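Structure record follows, encoded as C-alpha cells.
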Amino acid sequence: MEDVVVIGGGAGGLNAALTLCRVRRRVLVVDSGEPRNAPAERVHGFVSRDGTPPAELLAAGRAEVERHGGRFADGEVRTIRRRDGVFAVELADRVVSARRVVVATGLRDELPGVPGLRERWGRDVLHCPFCHGYEVRDQPLGVMGGLRASVHQALLLRQLSDDVVIFAEEVDDRDRARLAARGVRIVRAAIAGLDVEDDALRGVRLADGTVVARSALFVPAPPVPNDALLAGLGCERDGDGLVRVDGNGLTSVPGVWAVGNVVDPRAQVVVAAGAGAKAAIAVNADLMEEELVEERAA
Ligand SMILES: Cc1cc2nc3c(=O)[nH]c(=O)nc-3n(C[C@H](O)[C@H](O)[C@H](O)COP(=O)(O)OP(=O)(O)OC[C@H]3O[C@@H](n4cnc5c(N)ncnc54)[C@H](O)[C@@H]3O)c2cc1C
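Just remember that my numbering sits 1 ahead of the position in the sequence shown, which is counted from 1.
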C-alpha cells in the first residue's frame, strides 16, 4: 500500500512527491510524460531556474524525488476508485492501492484551427507574455484576437515592443480606444495562415493573401483541464467549471488533492510547484491524524 499516489509528474506533482518523501512517506508518482510546456525551448519566470529546458527541470526534479526514496511508474492512470477509505489507482498493467491521492495531471491547450499553429506552438507561436514575451522583446509582435484576453495581451505586450498588431475582425469602441491609447495597431481581419521561412515565423497571412510581417504571434488557447480522474471520483466543480479545491488543494472528496493546471489553468511552473508543496503538507497532516486515531486506540 502506498501512502500517496501522485498522478502527473510535472512541476506540481514532483514538488508534492518531493515534500512527502522528505517526511518519509511512501510515494509512487505515475506519469504519462506529456508536460504542457514540452514544446518550449526553455522555462522562464522560475527564480533560480530561468532559462532551464523543461525536460532538464523535470529530470532534476525526478532525481531529487528518487534520492529521497520516491518511485516512478511511466504510464497513464485510467481510473481511481475509492472503497472503504482506500484508493484503487488503475494503470494499464496493475492496480495500486493508496491511502491518499494527489492529482496533478495538467491541461491541454485548445489551439484555434488555423493551419500551422500547432507546429510552431511554444516556439514563435506563444501563449503567455510572462513566460516568453521577454525573449521576443523589441520585435514585430502579433496577437490573434477573438477573446477579451487577447486585447489584454496586446496592451501588455506594448511594454515589450513598440510594434504590436492585433488581428481581430471585430473590436468594440471601448477596446479600440484602449488599444489606440497604448499604440497597438488593429488589423480588422482574421488570420488564415502563417508565413514560415527557414523554420522561423516571418508573417501572418490574411484571407486575401496579404502577409503582415511578424516574428512572433500570441494566440489565445482555451485551457481544457485533464480532470477526468477527478470527475470520475465525483469531485465538485466551481462556477467556472473547474474542480473546486481549498487553499491546500483538497477537493470535495476526502483524501483527494489536486494541484497545478488541472485545477488552476493560470498557474505557471513555479505556482504549480508551490501548490504541490502546500498540498503535500496538508496530505501529511491528514495521514498523521488518521495514524493518531489508530495509535491511541491501540
Ligand atoms: C508552450 C508553453 C510554454 C510554457 N512556458 C512556461 C514558462 O516558460 N514558464 C512557466 O512558468 N510556465 C510556462 N508554461 C506553463 C506550464 O506549462 C505550466 O505552468 C506547468 O506545466 C503546470 O504544471 P503541472 O504540473 O500542473 O502540469 P504539467 O507540467 O502539464 O504536468 C502534468 C503531467 O501529468 C501527466 N498526466 C496527465 N494525465 C495523466 C494520467 N491520466 N496519468 C498519468 N499521468 C498523467 C502528463 O503527461 C504530464 O506529464 C508554458 C505552457 C506552454 C503551453
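Beta carbons: idealized from backbone N, C-alpha and C, even for Gly. Keep in mind the model is a prediction, meaning the values are calculated, not measured.
TODO: Evaluate contact between the segment 114-126 and the segment 212-225, counting only Cβ atoms and requiring at least three cross-stretch pairs below 8 Å.
DONE: The answer is yes - the segment 212-225 touches the segment 114-126, with three or more Cβ pairs under 8 Å.
Open item on the list: Whole angstroms are fine: how far does the CA of Pro266 sit from the CA of Val260?
Closed with: Note on geometry: alpha-carbon atoms of Val260 and Pro266 lie some 10 Å from one another.
- [ ] Tell whether a beta-carbon distance below 8 Å holds between Leu288 and Asp4.
- [x] Judged by their CB atoms, Leu288 and Asp4 are nearer to each other than the 8 Å cut-off.
Task: Cα-Cα separation, Glu57 to Ala268 - done: Each residue's Cα considered, the two are about 20 Å apart.
Open item on the list: Alpha carbons only, please: which of Arg206, Phe131, Gln160 and Asp196 is nearest the one belonging to Phe168?
Closed with: Looking at the Cα atoms, Arg206 is the closest of the given residues.
Task: Exposure label - Val185; buried when at least 16 CB within 10 Å - done: Classification for Val185: buried.
Open item on the list: At a threshold of 7 Å, does Phe47 count as lining ligand 1 (C-beta to nearest heavy atom)?
Closed with: Checking the 7 Å criterion, the Cβ of Phe47 is within range of a heavy atom belonging to ligand 1.
TODO: Flag this pair as touching only if the segment 169-180 and the segment 228-247 have three or more C-beta atom pairs under 8 Å; answer yes or no.
DONE: Contact between the segment 169-180 and the segment 228-247 is absent, because fewer than three Cβ pairs lie under 8 Å.
Task: Reduced DSSP category for Ser216 - H, G, I as helix; E, B as strand; rest coil - done: Three-state result, Ser216: coil.
TODO: Compute every distance between the C-beta of Glu35 and the non-hydrogen atoms of ligand 1, then say whether any falls below 7 Å.
DONE: Yes, the Cβ of Glu35 comes within 7 Å of a heavy atom of ligand 1.
- [ ] In the DSSP assignment, find the unbroken alpha helix (DSSP H) run with Ser151 in it and report its ends.
- [x] First-last of the alpha helix (DSSP H) with Ser151: Arg149 to Leu158.
Open item on the list: Quick check on Thr53: does DSSP put it in helix, strand or coil?
Closed with: Strand at Thr53.
TODO: Pull up the distance between the alpha-carbon of Leu251 and that of Asp200, whole angstroms please.
DONE: If you take the alpha carbons of Leu251 and Asp200, they lie about 44 Å apart.
Open item on the list: Contact between the segment 222-237 and the segment 102-112 is defined here as three or more beta-carbon pairs at a separation below 8 Å; is this criterion met?
Closed with: In short, these stretches touch, since the Cβ pair count reaches three.
Open item on the list: Quick check on Gly114: buried or exposed, where buried means 16 or more other Cβ atoms within 10 Å of its Cβ?
Closed with: Gly114 comes out exposed.
Open item on the list: With the cut-off set at 8 Å, would you say Gly76 and Ala93 are in Cβ contact?
Closed with: Between Gly76 and Ala93, the CB-CB gap stays under 8 Å.
Task: For Val185, three-class secondary structure by DSSP - done: Coil at Val185, not helix or strand.
- [ ] Check whether the Cβ atoms of Arg95 and Leu234 sit closer than 8 Å, and answer yes or no.
- [x] No. Outside cutoff.
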